[in-house]
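Protein chains in written order, with my numbering: chain A, 1 to 209; chain B, 210 to 578. Working notes, beginning with the structure itself.
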Amino acid sequence: MRILIADDHPIVRHGLKQMLAADPSATIVGEATNGDEALALARKLEWDMAIFDFTMPGRSGLDLLGDMKKEFPGRPVLILSMHSEDVHGSRVLRGGAAGYITKDSAPQELATAVRKVANGGKYVSASLAEILASECSSDPQKALHEKLSDREYRVMWLLATGKQISEIAKEMGLSPSTVSTYRTRILRKLSLTSNAALVHYAVRHQLVG
Amino acid sequence: MNDLAHGVTVETEPPLEPVVDKAKILLVDDEPKSLFALQELLSTLGQNLMVAQSGEEALRLALRNDFAVILLDVRMPGIDGFETARLIRARDRSKSTPIIFLTAAADEMTSMFRGYEVGAVDYLMKPVVPEVLKSKVAVFVELFRKTERLRESEDKLRRLAAHLISIREEERAHIAREIHDELGQVLTGLKMEVTWLAKRLKDKPLIEKTDSMCLLIDSTIQTVRKIATGLRPEMLDDMGLVAAVGWQAKEFQKRTGIRCRAKLPAESRFDIDVSTTMFRIFQEILTNVARHSRATRVDIELALGEAEVSLEVVDNGVGIEDQELHAKKSLGLLGMQERALLFGGDVRITGSPGHGTRVSVNIPLRKSK
Chain A
1 MRILIADDHP IVRHGLKQML AADPSATIVG EATNGDEALA LARKLEWDMA
51 IFDFTMPGRS GLDLLGDMKK EFPGRPVLIL SMHSEDVHGS RVLRGGAAGY
101 ITKDSAPQEL ATAVRKVANG GKYVSASLAE ILASECSSDP QKALHEKLSD
151 REYRVMWLLA TGKQISEIAK EMGLSPSTVS TYRTRILRKL SLTSNAALVH
201 YAVRHQLVG
Chain B
210 MNDLAHGVTV ETEPPLEPVV DKAKILLVDD EPKSLFALQE LLSTLGQNLM
260 VAQSGEEALR LALRNDFAVI LLDVRMPGID GFETARLIRA RDRSKSTPII
310 FLTAAADEMT SMFRGYEVGA VDYLMKPVVP EVLKSKVAVF VELFRKTERL
360 RESEDKLRRL AAHLISIREE ERAHIAREIH DELGQVLTGL KMEVTWLAKR
410 LKDKPLIEKT DSMCLLIDST IQTVRKIATG LRPEMLDDMG LVAAVGWQAK
460 EFQKRTGIRC RAKLPAESRF DIDVSTTMFR IFQEILTNVA RHSRATRVDI
510 ELALGEAEVS LEVVDNGVGI EDQELHAKKS LGLLGMQERA LLFGGDVRIT
560 GSPGHGTRVS VNIPLRKSK
């Protein structure tokens, strides 16, 4: 498998090469240090897949990805990025990338991604899958927390961040007993039984951060 | 040498000097004799006297000049003094120019009221007492000068603020990029090296060490990201305002537990300075909501028109009091207004206690480069 890599940081290119060296089927045929060079190399060389940094000097990011998809529609481009998935991930996939992987991912993950993409698949990390799923949550099966009223939602959030009933009452300008009532209602609506379960729920649904 | 250099500067910008030095006074009377007399009388003030013999002529001059004061004869053929004053006052440029009416003593008191109605600041009977006229005019000249100076210094301050804002924004972007790109990439490289090392280790305690090193590097990368994004969200530069506002709204909800509903237009890219301005104002609004409003919900609507971008943020909190709005201390609000003003935009804040606050921002779009 012939791979084209592009990243403006020598240290990252070095690491990338080192990691790909572990895979005997992979050969790096070209190395670019910026977007324009990457595009030029892609036109000149024979390659099967490309691994590009998202942010490079010159043409980069979605623009570069667009160019690549237009000129080489059949060939997979794996995007490597410093940015976390929630910022760019879904846009990059929609832009035609075969995969999006952050630079702090484990090297095994990168190896998995390369293998998957090389075989014509798409690589989506677990956290990106979560984001994608929440983006298309227009389905009738709404998340339970969507059923909370605005005020209940805020009380839920304050509870999830470890605030005491009395603190919440002060913060929201309510009486403690009102807050307690809200808490009971929230637990019922979310089918939970304790504050700990509530914290767990909030973390799992990325409601706190 | 100095004198020569000075002389050269003055020569290149001749119109500036007299405008700053001398205030313009407009004298309007249909009788040449009266005009002449007024000119003689006021010439000792050393100001720039301009004359008009009819209402039409006065209007034409008022369109092109800023007068310190206008002396206007009431009785003139054609457009009379009152009508002339009304028309002058109707123009934006001259809507607050002081007008002194001159009238023959025979005119009745009622005409005086008409004069005040159309914007006269004073009324003098002919024949005028020279000292009275002179001192009245001198007061207006002084007022005009002071106003000019005030406007100049206001303008200077505004330009200085604009400069500071743009410098700060550049600096933030620069630092964010340095931190994120340089530091982030080195950390990435470091992690790759440690992983390489880990693969070759057989000793369990050593492997545990490299594992914890990886965790440390990961959390450092997270921190680097957080700092860089705090300084300037990369989204704004990479994806544009619409995406950045959506992202910020989600972040806000996660950070505060205040529900955010955002209505956003299709993503598109336009002038980065306008985008930055809008984004910073948006952040300031959200900061205020989190700090003061006790809201549980925020509705955000961003709209892209042909010629402007507008943002509306409505919360269901305690609402802002008028006096809070105008308190000198509300520098945050002032900052928003100043930022918008730099691009010819405006920020309107309305609200009443108990009914939440609504902030509307409009900024005209410049031709994209």
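Every residue, glycine too, gets a C-beta built ideally from N, C-alpha and C.
Backbone CA spacing between residue i and residue j [nearest angstrom]
i, j, result
"A347 of chain B", "R273 of chain B", "22 Å"
"L190 of chain A", "R151 of chain A", "15 Å"
"P140 of chain A", "T485 of chain B", "Residue confidence for P140 of chain A is low, a pLDDT of 49 falling below 50, so the modelled location carries little weight; the figure read from the coordinates is stated next. Using only the alpha carbons, I get a separation of about 37 Å."
"V203 of chain A", "D63 of chain A", "34 Å"
"A516 of chain B", "F491 of chain B", "19 Å"
"T184 of chain A", "S149 of chain A", "13 Å"
"E265 of chain B", "R358 of chain B", "31 Å"
"P224 of chain B", "V518 of chain B", "Legend: pLDDT at P224 of chain B = 47, less than 50; position of this residue unreliable, value from coordinates given subsequently. Their backbone Cα atoms lie some 38 Å apart in a straight line."
"R295 of chain B", "G328 of chain B", "7 Å"
"P579 of chain B", "V483 of chain B", "Chain B is shown from 210 up to 578; residue 579 of chain B falls before or after that span and cannot be answered."
"A97 of chain A", "L198 of chain A", "37 Å"
"R381 of chain B", "A371 of chain B", "15 Å"
"D239 of chain B", "Y332 of chain B", "18 Å"
"T312 of chain B", "R354 of chain B", "27 Å"
"A126 of chain A", "Q206 of chain A", "14 Å"
"L550 of chain B", "F479 of chain B", "18 Å"
"L520 of chain B", "I436 of chain B", "27 Å"
"R298 of chain B", "F349 of chain B", "17 Å"
"G455 of chain B", "S105 of chain A", "26 Å"
Within 9 Å, strictly: CB atoms of residue i and residue j
i, j, result
"P573 of chain B", "G553 of chain B", "yes"
"L268 of chain B", "I309 of chain B", "no"
"I5 of chain A", "I79 of chain A", "no"
"T404 of chain B", "C423 of chain B", "yes"
"K69 of chain A", "G89 of chain A", "no"
"D210 of chain A", "R59 of chain A", "Limits of chain A in this structure are 1 at one end and 209 at the other, which puts residue 210 of chain A out of reach."
"R434 of chain B", "H83 of chain A", "yes"
"T161 of chain A", "G466 of chain B", "yes"
"V451 of chain B", "L511 of chain B", "yes"
"A458 of chain B", "F488 of chain B", "no"
"S502 of chain B", "G528 of chain B", "yes"
"A499 of chain B", "R464 of chain B", "yes"
"T356 of chain B", "L396 of chain B", "no"
Partner residues on chain B for residue i, Cβ-Cβ distance less than 7 Å
i, result
"Q18 of chain A", "M401, W405"
"V12 of chain A", "Q394, T397, G398"
Contact with chain C by residue i, beta-carbon distance below 9 Å
i, result
"P107 of chain A", "No chain C appears in the structure shown, which is made up of the protein chains A and B."
Terminal residues of the beta strand (DSSP E) in which residue i lies
i, result
"S263 of chain B", "From DSSP, S263 of chain B is part of no beta strand (DSSP E); its letter is neither H nor E."
"V29 of chain A", "27–32"
"I309 of chain B", "308–313"
"S519 of chain B", "517–524"
"L49 of chain A", "As written in the sequence, residue 49 of chain A is Met, which differs from the Leu given in the question. Unbroken beta strand (DSSP E) run through M49 of chain A: 49–53."
"L4 of chain A", "2–6"
N-terminal and C-terminal residue of the alpha helix (DSSP H) that residue i is part of
i, result
"M422 of chain B", "413–440"
"K365 of chain B", "339–386"
"R154 of chain A", "150–160"
"F245 of chain B", "241–251"
"L473 of chain B", "Neither: L473 of chain B is in no alpha helix (DSSP H) and is coded neither H nor E."
"S90 of chain A", "85–94"
"L410 of chain B", "Run containing L410 of chain B: none; DSSP gives neither H nor E here."
"V203 of chain A", "195–204"
Residues that residue i contacts on chain A, provided the C-beta gap is smaller than 9 Å
i, result
"R409 of chain B", "The premise fails here: R409 of chain B is roughly 11 Å from chain A at the closest Cβ pair, so nothing lies under 9 Å."
"R441 of chain B", "What R441 of chain B touches in chain A: nothing, since even the nearest Cβ is about 13 Å away."
"M422 of chain B", "Here the premise fails: no neighbours, minimum Cβ distance about 13 Å."
"T505 of chain B", "S149, D150, R151, E152, Y153, R154, V155, M172"
"I509 of chain B", "Those do not exist, as I509 of chain B stays about 14 Å from chain A at its closest Cβ, beyond 9 Å."
Residue i Cβ short of 8 Å to the ligand GTP heavy atom set
i, result
"G121 of chain A", "The model on display carries no ligand, and the ligand GTP is accordingly not part of it."
Contact belief for residue i with residue j at Cβ below 8 Å, rounded distance in angstroms
i, j, result
"A261 of chain B", "L254 of chain B", "Wrong, their Cβ atoms sit about 18 Å apart, outside the cutoff."
"I374 of chain B", "R548 of chain B", "6 Å"
"I234 of chain B", "V278 of chain B", "6 Å"
"I101 of chain A", "A113 of chain A", "5 Å"
Proximal residues of chain A, C-beta to C-beta of residue i below 8 Å
i, result
"N497 of chain B", "Going along chain A, no residue has its Cβ under 8 Å from N497 of chain B, so there is no contact; the nearest lies around 16 Å."
"I490 of chain B", "Under the 8 Å cutoff, chain A gives no residues; its nearest Cβ is about 21 Å from I490 of chain B."
Per-residue contacts from residue i into chain A (C-beta, under 7 Å)
i, result
"E467 of chain B", "The amino acid at residue 467 of chain B is misidentified as Glu; the sequence shows Ile. Within 7 Å Cβ-Cβ: R154."
"D427 of chain B", "D104"
"H389 of chain B", "M82"
Under 8 Å by beta carbon: chain B residues contacting residue i
i, result
"G209 of chain A", "E460, K463, R464"
"T55 of chain A", "D390, E443, D447"
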